Amino acid sequence: MVAAKSNQLSTLVSNMFAAGLLDDQFRQLEMLQDEGNPDFVANVVMLFCEEGERIIGELAKELAA
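First residue of the sequence shown: 694, per our numbering; consecutive thereafter.
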């Protein structure tokens with residue numbers, strides 16, 4: 694089960710690189726992850742998405758004003 698999920702994740706990441714959705718910065722981020730914090734990459738990506746959503750909302754408010 695774990696191996697299958699790991700394989701799915703590898704395939705997804707490879708496809709995202711091929712589509713241009715990820716770049717070398719993602720690889721650098723992956724290199725920062727260690728056994729002490731196995732959710733590091735997921736947490737950083739979630740934070741990025743949440744902050745992006747917040748910033749887009751603020752920009753939309755400014756444009757509507």
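C-beta: ideal position from N, C-alpha, C; glycine also.
All values derive from a computational prediction rather than experimental measurement.
{"Asked": "Going by C-alpha distance, which of Gln701, Phe741, Ile748 is nearest Phe719?", "Found": "Phe741"}
{"Asked": "What is the rounded straight-line gap between the Cα of Ser707 and the Cα of Gly729?", "Found": "25 angstroms"}
{"Asked": "Quick one: residues in its chain with C-beta nearer than 7 angstroms to the C-beta of Val737, no 5 flanking neighbours on either side, listed in chain order?", "Found": "Leu722"}
{"Asked": "Once you ignore the five residues that flank Glu744 on each side, which residues in its own chain have a CB closer than 7 angstroms to its CB?", "Found": "none"}
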